[in-house]
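Participant: In my numbering, the protein residues as written are 4 to 143.
Think of the CB as a built atom: it goes at the ideal place given N, C-alpha and C, for glycine as much as any other residue.
Just passing along the structure, written as structure tokens.
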């Protein structure tokens, strides 16, 4: 089954992922990470959040103004409102999306979790120890 996905808050267009209808949503997360190795290089697949791309119970058309504006990295209110209920990673793809996906619609909204900086990343710019040779003239 081919599912079109869009990463929320990241510039770029929608992309397709091929996955078996009997696979789990967790496997879809892995397939998304494999499809976007550069965009998701520092993200574990299991931390991706997946949401149904629906507005008023209808799939989001790929030519919808909200989808088009997402290409620049913006998050339109209509998209924000769709990020209510995360898809359960244990669910089967066929149970969530049905067997015959319509064409020219986005089916999955992908949210990348915020990156928490490591202790080294936070402290490195703040801690600057002067070199010994720079102490020679400290009293002048």
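DSSP on residue 31, reduced to helix/strand/coil?
Facilitator: For this step, residue 31 is matched to residue 28 along the chain shown. Note: residue 31 maps to helix in three-state DSSP.
Participant: Could you give the residue range of the alpha helix (DSSP H) that holds residue 99?
Facilitator: As a working note, residue 99 is residue 96 in the chain shown. Looking at the DSSP string, the run of the alpha helix (DSSP H) that includes residue 99 is 96-100.
Participant: If you follow the alpha helix (DSSP H) that residue 70 is part of, which residue opens it and which one closes it?
Facilitator: In the chain shown, counting from the first residue as 1, residue 70 sits at position 67. Note, residue 70: alpha helix (DSSP H), 68-73.
Participant: Nearest to residue 101 by CA position, among 71, 75, 26, is which residue?
Facilitator: Residue mapping note: residue 101 aligns to position 98 of the chain shown, counting from 1. Considering only alpha carbons, the answer is 26.
Participant: Counting C-beta neighbours from all protein chains within 10 Å, is the total for residue 9 16 or more, i.e. buried, or is it exposed?
Facilitator: Against the chain shown, residue 9 aligns to sequence position 6. By the neighbour-count rule (16 or more Cβ atoms within 10 Å), residue 9 is buried.
Participant: For residue 85, count neighbouring Cβ atoms within 10 angstroms of its own Cβ and tell me buried if that reaches 16, exposed if not.
Facilitator: If you number the chain shown from 1, residue 85 lands on position 82. Per the 10 Å Cβ criterion, buried.
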